[in-house]
Amino acid sequence: MKSLVVYYSKSGNTRLVGNEIAKELNAEYEELVDLKKRSGVVGFITAATDSIGRKLTTIEPIQKKPADYQMIVVGTPSWGNNMASAVRTFLTENNLTDKKVHFFCTAGADAGKSFEEMEKLISGNTQHNKMTVISSEIKSGKYKEKVKEFVGQIKG
Ligand SMILES: Cc1cc2nc3c(=O)[nH]c(=O)nc-3n(C[C@H](O)[C@H](O)[C@H](O)COP(=O)(O)O)c2cc1C
């Protein structure tokens, strides 16, 4: 099955996990680029408030066409217990109704409402696998095991 991993990452954790999923799944990947400044204290605060407020942002046009893939794996960092604005924008701008869609989230502690909110944006799909990787699992390398297990599940 032709698969695409799509993720946004501000500080590298979601990229690390997303690229590991792509490697294990033999999939292509696309990193979303948020054109709104997210660095510094102001960037941190607006990242959290935009996410909590379910705001969209402007992302760079994506290179890969979701229509060319049967499976899309979407990854986000947990920001204020919700998905990052770039991921909300991607899911809003792309119709994934006829795709197999699975989700992953990286977080300091937990994904909060991220998965529930992501599911709302792709109505029509039935079953989605989900994986949360927390920062300590990234530091210890445990995320690699989790990724293998997750990929085993979604490959079916
Ligand atoms: C603006 C902001 C808000 C965050 N909010 C949460 C949160 O609500 N819960 C949590 O567990 N981690 C939270 N974190 C931590 C990130 O989810 C975690 O570090 C994640 O792995 C970062 O992914 P990235 O390196 O791909 O950007 C937050 C981080 C940022 C920058």
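Counting along the sequence shown from 1, when you hit position 63 you're at 1136 in this note's numbering, and nothing is skipped either side. The beta-carbon is built from N, C-alpha and C at its ideal position, and this holds for glycine as well.
Identify which residue in Gly-1214, Thr-1122, Ser-1084 has its Cα closest to the Cα of Leu-1154. In the sequence as presented, Leu is not what sits at residue 1154; that position holds Asn. Taking Asn-1154 as reference, the option from Gly-1214, Thr-1122, Ser-1084 with the minimal CA-CA separation is Thr-1122.
Tell me the DSSP bridge mates of Gly-1148? Its beta-bridge partners are Tyr-1080, Phe-1177.
Quick one: what's Thr-1087 bridged to in DSSP? According to DSSP, which records beta bridges pairwise, Thr-1087 is partnered with nothing at all.
Under a Cβ-count criterion, where at least 16 other Cβ atoms within 10 Å of its own Cβ denotes burial, should Gly-1229 be classed as buried or exposed? The residue in question, Gly-1229, is exposed, as its Cβ has fewer than 16 Cβ neighbours within 10 Å.
DSSP state of Val-1206 mapped onto helix, strand, coil: In the three-state DSSP reduction, Val-1206 falls in the strand class (E or B).
Straight-line CA distance for Thr-1199 to Ser-1187? Looking at the two C-alpha atoms, the distance is approximately 17 angstroms.
Would you identify the three-state DSSP class for Ile-1094, choosing helix, strand or coil? DSSP, read as helix, strand or coil, puts Ile-1094 in helix.
Is any non-hydrogen atom of ligand 1 found closer than 6 angstroms to the C-beta of Lys-1083, if you look at the structure I gave you? Checking the 6 angstroms criterion, the Cβ of Lys-1083 is within range of a heavy atom belonging to ligand 1.
Would you mind listing the beta strand (DSSP E) stretches within the region 1091-1132 that are 3+ residues and don't spill past its ends, in chain order? The region 1091-1132 contains, as complete beta strand (DSSP E) runs of 3+ residues, the segments 1101-1105 (chain order).
Considering just the uninterrupted stretch of the alpha helix (DSSP H) at Ser-1187, what are its terminal residues? Looking at the DSSP string, the run of the alpha helix (DSSP H) that includes Ser-1187 is 1187-1193.
Assuming Ser-1158 is part of the alpha helix (DSSP H), what are its boundary residues? Counting along the chain, the alpha helix (DSSP H) containing Ser-1158 begins and ends at 1158-1166.
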